[in-house]
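Visitor: Shown below is the structure under consideration.
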Amino acid sequence: MKNKIQHFYPSISTQTFNDAEVYVADFSERTNSARGVEFHPSHPSCPKTEGQLMDCLLIRNPKGFTLSFVPFENQLFKDEQGNDMEQCECCFFPLAINTIDNNFISFVEIKDCKSKNISIHKDKAISQLTTSIREFRRKEIICDKQRMYGIISFPRMKKLYFNQTLIEDYTEYKRLYKQEKIHLLITNEVTVVSGEKIVY
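Right under this line is the structure:
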């Protein structure tokens, strides 16, 4: 899968980790876009506040699987007319576990926003995830046998149960799976339990 991605998007530079924890942070908001999405094996510092840790999506990897992380640079996806498409920030997947067709792939959108803006950003994030996954399917980078995850992270919210009606809309979860075969996770922390599955 890594080779397929680089075939279609040669400018992408993937990163590989087998650490017990990987932190995914979007520094765009806090650096005026001087930095973007980054992956770290230890908790990075916030660039705006000395001594404070950055708000991140935490990916726990207790079994030490080798995971490949792929950042999507801005304006990476284009439609047939060359116009910019919506996209999420990155994806990650395990390497060399079982067969490629059975391995999961997870697309990630991080919304570094205040709680009052979450409902607006949640809908946009779902659209960005869906468009990115459709594009990978269209290019046959991924196949229907793979388990697809769409992770939306609101890292400033330390607890995501602050608004159950917003976060746990099971009708929307079911619709997204039925129409797009996407397992939606709205969380700031996931655990890789196998080459086929992640949980939160």
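Anchor point for the sequence shown: position 156 equals 141 in the numbering used here, and the numbering is continuous, going up by one each time.
Just so it is clear, CB atoms sit at the ideal spot from N, CA and C, and this is done for glycine as well.
Being a predicted model, the structure only gives us computed values, none of them experimental.
List the DSSP bridge partners of L42.
Guide: DSSP, once it has assigned bridges, lists V9 as partnering L42.
Visitor: Could you tell me if S91 is buried or exposed, where buried requires 16 or more neighbouring beta carbons within 10 angstroms of its beta carbon?
Guide: Buried, because 16 or more other Cβ atoms sit within 10 Å of the Cβ of S91.
Visitor: Taking the alpha helix (DSSP H) that Y134 belongs to, which residues open and close that run?
Guide: Per DSSP, Y134 belongs to no alpha helix (DSSP H); it is in the beta strand (DSSP E), 133 to 138.
Visitor: Relative to the alpha-carbon of R141, which residue among V178, I167, Q37 has its alpha-carbon at the smallest distance?
Guide: For R141, the nearest C-alpha among the options comes from Q37.
Visitor: Which residue or residues does DSSP assign as beta-bridge partners of I90?
Guide: Beta-bridge pairing links I90 to M133.
Visitor: In this structure, does DSSP put D4 in helix, strand or coil?
Guide: Coil.
Visitor: Could you name the residues of the same chain whose beta carbon sits closer than 8 Å to that of P79, not counting the 5 residues immediately before and after it, in chain order?
Guide: So the qualifying residues of the chain are F50, T51, L52, S53, N88, F89, V177, G180.
Visitor: In this structure, how does DSSP classify D108 when only helix, strand and coil are distinguished?
Guide: If DSSP states are grouped into helix, strand and coil, D108 belongs with the helices.
Visitor: Please classify E65 as buried or exposed, where buried requires at least 16 other C-beta atoms within 10 Å of its C-beta.
Guide: Answer is exposed; the Cβ neighbour count stays below 16.
Visitor: Based on Cα-Cα distance, which residue from T34, D40, G135, C128 lies nearest to C76?
Guide: The candidate whose alpha carbon is nearest that of C76 is G135.
Visitor: So is H(-8) buried or exposed if we call it buried at 16+ other beta carbons inside 10 Å?
Guide: Result: exposed.
Visitor: How many Å lie between F121 and E157 at the Cα?
Guide: Whole-angstrom Cα-Cα distance: 22 Å.
Visitor: Of the residues M133, N173, S(-2), I95, which one's Cα is nearest the Cα of K166?
Guide: For the residues M133, N173, S(-2), I95, the minimum Cα distance to K166 belongs to M133.
Visitor: By the 10 Å Cβ neighbour count, where 16 or more other Cβ atoms means buried, how is S30 classified, buried or exposed?
Guide: The residue is exposed, with fewer than 16 neighbouring Cβ atoms inside 10 Å.
Visitor: CA-CA distance, Y185 and F12?
Guide: Rounded to the nearest angstrom, the two C-alpha atoms are 23 Å apart.
Visitor: Taking 6 Å as the limit between beta carbons, can you name the residues of its chain near P207, skipping five residues before and five after?
Guide: Residue 207 lies beyond the stretch modelled for the chain, which goes from -14 to 185, so this question has no answer here.
Visitor: I need the straight-line Cα distance from T150 to H168, nearest angstrom please.
Guide: Summary for T150: the model assigns pLDDT 45, below 50, so the residue's position carries little reliability, and this model does not support an answer.
Visitor: Mind checking which residues open and close the alpha helix (DSSP H) that includes I171?
Guide: Unbroken run through I171 is the beta strand (DSSP E), 167 to 171; no alpha helix (DSSP H).
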